[in-house]
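J.: My questions all concern the structure below.
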Amino acid sequence: MDLKLPLIVPEEKLQKSYYDVLGLCCSSEVKLIEKILNPLNGIKDVKVVVPTKTVIVTHDQLIIPQLEIAALRKPILNKREDRVVAIRECQLTDPWMQHE
Numbered sequence: 001m002d003l004k005l006p007l008i009v010p011e012e013k014l015q016k017s018y019y020d021v022l023g024l025c026c027s028s029e030v031k032l033i034e035k036i037l038n039p040l041n042g043i044k045d046v047k048v049v050v051p052t053k054t055v056i057v058t059h060d061q062l063i064i065p066q067l068e069i070a071a072l073r074k075p076i077l078n079k080r081e082d083r084v085v086a087i088r089e090c091q092l093t094d095p096w097m098q099h100e
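Sequential numbering of the sequence shown, starting at 1, is according to full-length UniProt numbering.
Below, the structure is given as structure tokens:
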């Protein structure tokens, strides 16, 4: 089991990436997204803004690049046991769309 190492990177070296999560429809999904992203090496902070359907990830670009985070959309949406509990009354459409 990989353990997350403390991220000791100066704040000015961290990158904030913004992702549109078009299928995000309720606050119960926040814990699922945080549960998947927070343990990853290189991730310092994850904020989920339900009203704007946005996920803001503060990360070390050298450890986990922006595109690698965006590629996690399929594993997040395919975790059936968590998905059923977290979004049972929601209808997902298009998962994540990267802000340009």
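Ideal Cβ positions, reconstructed from N, Cα and C, are used throughout, including at glycine. These numbers were taken from a predicted model, which means no experiment stands behind them.
Helix, strand or coil, according to DSSP, for Ile64 in the structure here?
T.: In the sequence shown, residue 64 corresponds to position 64, counting from 1. Coil, per DSSP.
J.: Name, in chain order, the residues that DSSP records as bridge partners for Lys47.
T.: For the purposes of this step, residue 47 is identified with residue 47 of the sequence shown, where counting begins at 1. DSSP output for Lys47 lists Ile56 as bridge partner(s).
J.: Rounding to the nearest angstrom, what Cα-Cα distance links Ile36 and Ile69 in this structure?
T.: One-based indexing of the sequence shown puts residue 36 at position 36. One-based indexing of the sequence shown puts residue 69 at position 69. Going from the Cα of Ile36 to the Cα of Ile69 covers about 10 Å.
J.: Which residues does DSSP list as the beta-bridge partners of Ser17?
T.: As a working mapping, residue 17 is identified with position 17 in the sequence shown. DSSP output for Ser17 lists Val57 as bridge partner(s).
J.: Put Leu24 into one of helix, strand or coil per three-state DSSP.
T.: As a first step, residue 24 is located in the sequence shown; it is residue number 24 there, counting from the start. Leu24 falls in the coil class under three-state DSSP.
J.: Do you know how far the Cα of Thr52 is from the Cα of Gly42?
T.: Translated into the one-based positions of the sequence shown, residue 42 becomes position 42. Translated into the one-based positions of the sequence shown, residue 52 becomes position 52. When rounded, the distance between both Cα atoms is 25 Å.
J.: Closest to Thr54 by CA distance: which of Leu40, Cys25, Pro39 is it?
T.: By one-based count along the sequence shown, residue 54 stands at place 54. When only C-alpha atoms are compared, the closest one is Cys25.
J.: Just checking: is the beta-carbon of Ile56 within a distance shorter than 7 Å of some beta-carbon in chain C?
T.: Looking for chain C here will not work: only one protein chain is present.
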